[in-house]
Amino acid sequence: MEELVNEFYASVKKWLKTNPKQIRAFLDFLQTVREPGALDTKTKELIAVASSVAARCQWCIALHVKEAIEAGASPEEIREAAWVAVLMGGGPNLAYMQLVEKAIQEFTEQG
């Protein structure tokens, strides 16, 4: 799963060269949304995990499980957030629980 996170960051670096205006605008927006406000960072990352499963984005799942763990989320909290996405999306989202489990395992072993 770490390779997916690294792959994503490598792409962002490329886009900083090829499309700097667009990627900087997106990164600024990302930073603004991630800042604690009415919701703390952990809660926002749990929402991002669920959204990643719903969107069926393997890079997003890897990144947001890692960031949820770094924000203090437990594996149980991450799983529960992902299960909400499965509830809303059914069988196709269930298949993506495999990636959530793989990311939890990898990033908690490294932590």
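Each residue of the sequence shown is one higher than the last, beginning at 1 in the UniProt record's numbering.
Glycine residues also receive a C-beta, built at the ideal position from the N, C-alpha and C atoms.
- Task: Below 7 Å CB to CB, which residues in the same chain sit around Glu77 once its five sequence neighbours on both sides are set aside?
- Result: What you label residue 77 is simply residue 77 of the sequence shown in a count that begins at 1. Leu46, listed in sequence order.
- Hey, Ala81 and Lys42 are a contact pair by Cβ (cut 8 Å); roughly how many whole angstroms apart? To locate residue 81, count along the sequence shown from 1; it is residue 81. To locate residue 42, count along the sequence shown from 1; it is residue 42. Between Lys42 and Ala81 the Cβ distance is about 10 Å, and since that is not below 8 Å, they are no contact.
- Roughly how many angstroms lie between the CA atoms of Ala73 and Lys17, to the nearest whole one? Counting from one through the sequence shown, the residue named residue 73 turns up at place 73. Counting from one through the sequence shown, the residue named residue 17 turns up at place 17. Those two C-alpha atoms are separated by around 34 Å.
- Could you tell me how far apart the beta carbons of Val86 and Leu94 are, in whole angstroms, since I believe they sit closer than 8 Å? Along the sequence shown, one-based indexing puts residue 86 at 86. Along the sequence shown, one-based indexing puts residue 94 at 94. The pair is a contact, with the Cβ atoms about 5 Å apart (cut-off 8 Å).
- Task: Going by CA-CA distance only, name the one from Pro36, Leu4 and His64 that's closest to Ala48.
- Result: Along the sequence shown, one-based indexing puts residue 48 at 48. Ranking the options by Cα distance to Ala48, first place goes to His64.
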